[in-house]
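Number of protein chains: 2
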Amino acid sequence: MPASNRPTSRPTSRPGAGEVRDRLRAAAFALFEERGYDATTVGDIAEAAGVGRTTFFRAFGSKEDVIFPEHTALLERVRSRLETATTPGAATLIGIAEATRLVLEHYLQEGDLARARYRLTRTVTTLRDRELASTLQYHRVYRDALRAWTGEEAGRDLRAELLAAAVVTAHNHVLRRWLRGVVDGAGAVEELGLALEEALGTGPNGALPRPADEGTSIVVLRTPYDVDAVLPALRRALADDAPR
Amino acid sequence: MPASNRPTSRPTSRPGAGEVRDRLRAAAFALFEERGYDATTVGDIAEAAGVGRTTFFRAFGSKEDVIFPEHTALLERVRSRLETATTPGAATLIGIAEATRLVLEHYLQEGDLARARYRLTRTVTTLRDRELASTLQYHRVYRDALRAWTGEEAGRDLRAELLAAAVVTAHNHVLRRWLRGVVDGAGAVEELGLALEEALGTGPNGALPRPADEGTSIVVLRTPYDVDAVLPALRRALADDAPR
DNA sequence: CGAGAGTACGGTACTGAGTACCGAATAGAG
DNA sequence: CTCTATTCGGTACTCAGTACCGTACTCTCG
Chain R
0 MPASNRPTSR PTSRPGAGEV RDRLRAAAFA LFEERGYDAT TVGDIAEAAG
50 VGRTTFFRAF GSKEDVIFPE HTALLERVRS RLETATTPGA ATLIGIAEAT
100 RLVLEHYLQE GDLARARYRL TRTVTTLRDR ELASTLQYHR VYRDALRAWT
150 GEEAGRDLRA ELLAAAVVTA HNHVLRRWLR GVVDGAGAVE ELGLALEEAL
200 GTGPNGALPR PADEGTSIVV LRTPYDVDAV LPALRRALAD DAPR
Chain E
0 MPASNRPTSR PTSRPGAGEV RDRLRAAAFA LFEERGYDAT TVGDIAEAAG
50 VGRTTFFRAF GSKEDVIFPE HTALLERVRS RLETATTPGA ATLIGIAEAT
100 RLVLEHYLQE GDLARARYRL TRTVTTLRDR ELASTLQYHR VYRDALRAWT
150 GEEAGRDLRA ELLAAAVVTA HNHVLRRWLR GVVDGAGAVE ELGLALEEAL
200 GTGPNGALPR PADEGTSIVV LRTPYDVDAV LPALRRALAD DAPR
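Protein sequences appear in the order of chains R and E. Each step along the first sequence adds one to the number in numbering that gives the first Met the number 0, with nothing skipped, and position 161 is 160. Each step along the second sequence adds one to the number in numbering that gives the first Met the number 0, with nothing skipped, and position 182 is 181.
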């Protein structure tokens, strides 16, 4: 943030702010692809980028951070978007969908970089763990936002958590399909909408949060038969209590 | 596994197999509580346990592994339980519930150890990440099992994933309540059942996957009412197809 | 009882990530 | 041109984790 308020370009031998960062990241990914993550030391990366090892750790906090840049910034954007979405009376579900699309489109813009990262995270265990951890940070953000929305009463907790998990899962599902090249960018954005509908239950027979009052739960599974046809089976199932 | 087939006790100065492991774990947790995780080196732990540093790494693969023991073993038990549960014709939902209870009860048996771990994982970031990663391993196991059950056709993928996320989320929700002392062991087991019902039943429409072949599925959620009492509600739900 | 095999342990030495600190070069302001 | 702030590079350190080797102990077979 200190470099943004310097309007003039840097015509000197001193590299522009952020340029070193880019060189380092490029060198890192190149080396990772070539010899693998573990076989590449931070010293190698720094040398390839023509800078000192110290500079690497100043630009990125750790070796892993080269691969997951701007993660915290993106998370913050999602958080602020959700915050405005979950104020009482706001169109919460739309806000959630928008926040989620924010994330997806971020990866879409990264393009090959995101795919290279995906290749690495599938191979190296520590990186996969790191990515999973960041996934659960999203879960937290959504959960907290939804909790603020649904209220804090007992029982709502689990509901908020389930919804958050569903949203994150839906997003990751679509993202992975794009990363694997199953769908293109436009298709992914479209699929995200459908996936969210399925995750949140806002689709055909939307089953959004049911009021917390006590009562009988009825789960309707679509079946070609009508009620009377399945009723005997239902009675039988209730009788021996061990549905199979 | 090499120690189990030695029937006689070890009367010598050589400690029994596994005893060193226990000493190390006890020393580790004591030091972690005392000075914190980061401020405790592996050398400190080994010294406190009266063994060499090398022995520590032989007993546990890494510093983190002291805190997460038997994780892989437990994961394997869940996997095998799910495997038998998702063979065609088996009582899948019950199998899932049982597998999940397996995990919960494992932690309940750990008792204070699990709670000490919880305290640590809340404080130290790397440990939290590690735990989250293990959480997502469970997600994978459930997802794969459910995928095998629902079939691989397009569209089922997301459904299996959503279900897996819901189950894991429900479990973690209950587990956290026990870890925080909100409920006791018996209460946690009971809550798990309810949470699973909520996770599997109230989520997205038809969250319970239809079997791959056509037919009528009957899902029975325990309710204090008998069939005739809920029948009107059932008819109504089927009639307008879009409850609330 | 004694020799040999297998194993658990301790110690040393190494690599690599990450941190702290210091000095040099450079850019900007006055 | 001088002073100051910032950035970079280099050195030295801590600590996790690995590889290797020698040793002490136990068990087994002769």
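Glycine is no exception: its CB is placed at the ideal position from the N, C-alpha and C atoms.
- Proximity of the stretch 47 to 57 of chain E to the stretch 66 to 79 of chain E falls short of the contact definition, fewer than three beta-carbon pairs being nearer than 8 Å.
- Fewer than three pairs of CB atoms, one per stretch, sit closer than 8 Å, so the stretch 88 to 108 of chain E makes no contact with the stretch 35 to 43 of chain E.
- Chain R has no Cβ within less than 9 Å of the Cβ of Thr122/E.
- The DSSP-derived three-state label of Gly110/E is coil.
- Sequence-distant partners of Ala115/R (beyond 5 residues in either direction) whose C-beta falls short of 6 Å from its own C-beta, in its chain, are Phe28.
- The Cβ atoms of Thr168/E and Leu161/R lie closer than 9 Å to each other.
- Here the alpha carbon of Ala163/E sits roughly 12 Å from the alpha carbon of Leu81/E.
- DSSP places Ala38/R in the coil class of the three-state scheme, outside both helix and strand.
- Close to chain R, meaning a Cβ-Cβ distance shorter than 7 Å, is no residue of the stretch 71 to 87 of chain E at all.
- With its beta carbon at least 9 Å from every one in chain E, Glu18/R lies outside the interface.
- Counting only the Cα atoms, Leu112/R lies some 14 Å from Gly184/R.
- Secondary structure of Ser61/E (DSSP, three-state): coil.
- Around the beta carbon of Glu190/E, 16 or more other beta carbons lie within 10 angstroms, which makes this residue buried.
- Contact with chain E is found for His172/R, since one of that chain's Cβ atoms lies less than 9 Å from the residue's Cβ.
- A distance of 9 Å or more separates the beta carbons of Leu126/E and Ile44/E.
- Nearest Cα to Leu157/R within the set Leu135/E, Gly49/E, Gly94/E and Ala198/E: Ala198/E.
- C-alpha of Leu92/R to C-alpha of Glu46/E: approximately 56 Å in a straight line.
- Taking 8 Å as the Cβ-Cβ cut-off, the stretch 185 to 200 of chain R approaches chain E at Ala194, Glu197, Ala198, Leu199 and Gly200, given in chain order.
- Taking the CA atoms as reference points, Gly180/R sits about 36 Å from Thr120/E.
- In this structure, the CA atom of Gly17/E is about 9 Å from the CA atom of Ala58/E.
- With its beta carbon less than 9 Å from one in chain E, Arg127/R belongs to the interface.
- Pairing Leu73/R with Val182/E, the inter-Cα distance amounts to about 36 Å.
- The beta carbon of Val41/E does not come within 9 Å of any beta carbon belonging to chain R, so the residue lies off that interface.
- For Leu112/R, no chain E residue has a Cβ inside 7 Å of its Cβ, as the nearest lies near 22 Å away.
- For Ile44/E, the three-state secondary structure derived from DSSP is helix.
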